[in-house]
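As structure tokens, the structure follows; a few thoughts come after it.
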Amino acid sequence: MSLLIWIAFFVLFIAVLALDLGVLHRESRAMSVRQALGWTSVWIMTALSFSGLVYGVYEHHWLGWRVGENAMPGSEAMIQYITGYLLEWSLSVDNIFVIAVI
């Protein structure tokens, strides 16, 4: 079962990467502020939707996934995922300011 999960993860990753690079950004052009905010909203909502999957896997063992006998409850797993996502997002915004200063 673990191998199937990893294969599904990599297939999803490649599909999203192909969508982003191959379909949505075929030609190079300047992006407006409105477009940038729109795409930022899409990716944030995608990440927050994934937190629902994290909750379901930990709390209700969706799709037959077993995370272990001593695993944390779904709400705690979801909070840890969202906390990690917000931390990574804030660090990426910090990089933008550093690049702007340089």
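The opening residue of the sequence shown carries number 6 in this note's numbering; numbering runs sequentially from there.
We treat Cβ as the ideally placed atom computed from N, Cα and C, and that holds for glycine.
DSSP places A76 in the coil class of the three-state scheme, outside both helix and strand. Assigned with DSSP and collapsed to three states, W70 falls in coil, not helix or strand. In the DSSP assignment, I107 falls outside any alpha helix (DSSP H) and carries neither an H nor an E. Distance check between L91 and each of L53, S80, H65, F102 places L53 closest, using alpha-carbon atoms only.
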